[in-house]
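Novice:
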Amino acid sequence: MARYESLLDACGGTPLVGLPRLSPAVPEGAPPVRLWAKLEDRNPTGSIKDRAALFMVRAAEESGHLRPGDTILEPTSGNTGIALAMVAKLRGYRLVCVMPENVSAERTQLLRMYGAEIIFSPAAGGSNQAVATAKQIAAEHPDWKMLFQYGNPANARAHYETTGPELLHDLPTITHFVAGLGTTGTLMGTGRFLKEKIEGIQIIAAEPRYGELVYGLRNIDEGYVPELYDASVLTRRFSVGTRDAVLRTRQLIEVEGIFAGFSTGAVLHAALAVAHEAVRAGNRADVAFVVPDAGWKYLSTGAYGGTLNEAEEALEGQLWA
Ligand code: PMP
């Protein structure tokens with residue numbers, strides 16, 4: 004389908020593309036092992052968060068929590084804020100975002116362009132501090148409405164009702180689903196749907212190695228566990244270092260021409276690990292992984308150029324879980 008009544012109707016329905024060059028070679032006669040990328044940057048504001056923002060706003064409207072002209076308050080790493088800003092503009096709400104003061108310049112520029120207001124929380128506390136600050140502000144403004152992506156079932160439901168069914172439709176032979184853990188909405192919603200439909204499917208999470216930073220992702224053992232998180236949905240968790248995330252992000256551009264953000268690199272690292280395991284075990288595998296966003300918003304970090312050491316240094320302090 005290519006014609007939509009409005010931009011909101013154009014959320015989701017993203018392409019799933021094969022990675023013929025990055026998929027591991029298998030010995031002659033062995034079953035195929037293939038990697039597939041779900042390109043979520045092909046959403047209206049350029050990230051997977053358009054799905055969650057749309058579902059959360061719709062659910063709040065249907066329940067009467069949101070009324071025309073209301074102010075929405077949300078702690079966000081950027082992608083959710085940008086997605087909510089677009090939905091809020093089209094549905095007639097004011098949006099106030101709370102985010103750490105060290106997010107990339109592109110994020111604040113985009114948010115302001117969409118008409119959102121920004122309240123900065125201290126950089127040192129990362130997204131956990133943004134959540135705490137937003138809760139304080141909410142207490143001071145009882146009429147402002149928080150959708151709270153970390154605990155809002157409509158976030159995971161967006162993926163249960165759209166991302167999951169799209170993957171099943173496009174890749175009925177899927178054996179592994181790999182995505183990053185942020186709010187955990189992508190993995191909880193898509194994972195639950197696919198487990199109901201495909202026996203034995205593996206649901207695999209990529210998270211930053213403890214103490215390291217990959218934008219948009221969080222390590223579940225580092226303090227705050229999102230209310231949406233249910234460990235029983237996951238088959239495995241992979242910890243990925245910042246350096247490997249950068250390396251894989253660059254490899255994806257170089258080998259397959261896909262220009263992704265750095266959380267994709269972490270996800271790809273885990274996807275490649277399970278693909279190579281399948282080759283060693285002699286198993287067939289169709290490994291689908293999520294590309295949550297493209298690289299545009301991260302260009303100013305400088306981490307797409309230079310040596311890996313320079314890239315790692317450039318990202319230090321700019322990425323937060
Ligand atoms: N990657 C990026 C770039 C993100 O912005 C997010 C959302 N914070 C994620 C991955 C993780 O997605 P989810 O919140 O659904 O777990």
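Numbering (this note's numbering), first residue to last: 4 to 324. Where a beta carbon is used, it is the ideal one built from N, C-alpha and C, also for glycine.
#1: Give me, in chain order, the residues of the same chain whose beta-carbon lies closer than 6 Å to that of L10; leave out the 5 immediate sequence neighbours on both sides.
#2: Assuming the contact rule is C-beta atoms closer than 8 Å, F262 and V249 should be a hit. Round their C-beta distance to whole Å, please.
#3: Are there 16 or more other CB atoms within 10 angstroms of the CB of W299, so buried, or fewer, so exposed?
#4: Using the Cα positions of D247 and V134, report the straight-line distance between them to the nearest angstrom.
#5: Taking only heavy atoms of the ligand PMP into account, decide whether any of them is closer than 7 Å to the Cβ of K52.
#6: Taking Cβ to Cβ, would you say N82 is nearer than 8 Å to S107?
#7: Counting beta carbon pairs with one atom in the region 284 to 304 and one in the region 37 to 46, are three or more of them shorter than 8 Å?
#8: Is it buried or exposed for A324, if we count other Cβ within 10 angstroms and need 16 for buried?
#9: First and last residue of the alpha helix (DSSP H) that includes Q139?
#10: Name the two residues that bound the continuous alpha helix (DSSP H) containing A91.
#11: Just the Cα atoms here: how many angstroms apart are G129 and P103?
#12: Between the C-alpha atoms of N286 and A119, what's the straight-line distance to the nearest angstrom?
#13: Taking the beta carbon of E65 as the centre, do at least 16 other beta carbons fall within 10 Å, making it buried, or is it exposed?
#14: In angstroms, rounded to a whole number, what distance separates the CA positions of R94 and A141?
#15: Cβ of L69 within 7 Å of any heavy atom in the ligand PMP?
#16: Tell me whether the beta-carbon of L171 lies closer than 8 Å to the beta-carbon of L197.
#17: With 16 as the cutoff for other CB atoms within 10 Å, does Q112 come out buried or exposed?
#18: Could you compute how far the alpha carbon of A91 sits from the alpha carbon of A63?
#19: Among all the DSSP beta bridges, which residues are the ones paired with C100?
#20: For the ligand PMP, I want to know if G188 counts as a neighbour, meaning its beta carbon is within less than 7 Å of at least one of the ligand's heavy atoms.
#21: Which two residues bound the contiguous alpha helix (DSSP H) that contains E43?
#22: Just to confirm, does N131 get its C-beta within under 7 Å of one of the non-hydrogen atoms of the ligand FMN?
#23: Whole angstroms are fine: how far does the CA of T176 sit from the CA of Q139?
#24: Which whole-angstrom value describes the C-beta separation of A159 and V181, a residue pair presumed to lie in contact below a C-beta threshold of 8 Å?
Specialist: Taking the coordinates as given:
#1: Shown here for L10: same chain residues with a beta carbon closer than 6 Å to its own, the five before and five after excluded, namely P47 in chain order.
#2: The C-beta distance from F262 to V249 rounds to 14 Å, too long to fall under 8 Å, and the pair is not in contact.
#3: W299 counts as exposed, since fewer than 16 other C-beta atoms from the protein chains shown sit within 10 angstroms of its C-beta.
#4: Computed Cα separation, rounded: 28 Å.
#5: The answer is yes for K52.
#6: With respect to the 8 Å criterion, N82 and S107 are not classified as neighbours on the basis of their beta carbons.
#7: Output reads yes: the region 284 to 304 touches the region 37 to 46.
#8: No answer about A324 holds up, because its pLDDT of 29 lies below 50 and its placement is not dependable.
#9: Per DSSP, Q139 belongs to the alpha helix (DSSP H) from G129 to E143.
#10: For A91, the enclosing alpha helix (DSSP H) starts and ends at N82 to R94.
#11: Those two C-alpha atoms are separated by around 6 Å.
#12: The straight-line gap from Cα to Cα measures roughly 49 Å.
#13: Label assigned to E65: exposed.
#14: Straight-line Cα distance between these residues: approximately 21 Å.
#15: Within 7 Å of the C-beta of L69 there is not a single heavy atom belonging to the ligand PMP.
#16: The Cβ-Cβ distance between L171 and L197 falls below 8 Å.
#17: Looking at its Cβ environment, which holds fewer than 16 other Cβ atoms inside 10 Å, Q112 is exposed.
#18: Between A91 and A63, the alpha-carbon positions lie close to 12 Å from each other.
#19: Under DSSP, C100 forms a beta bridge with E77 and I121.
#20: Yes; taking the cut-off as 7 Å, the Cβ of G188 has a heavy atom of the ligand PMP nearer than that.
#21: It is not in any alpha helix (DSSP H) - E43 carries neither H nor E in the DSSP assignment.
#22: This structure lacks the ligand FMN; its bound ligands are the ligand PMP.
#23: Near 47 Å, if we compare the C-alpha coordinates of T176 and Q139.
#24: Here A159 is actually not in contact with V181; their C-beta atoms are around 17 Å apart, not less than 8 Å.
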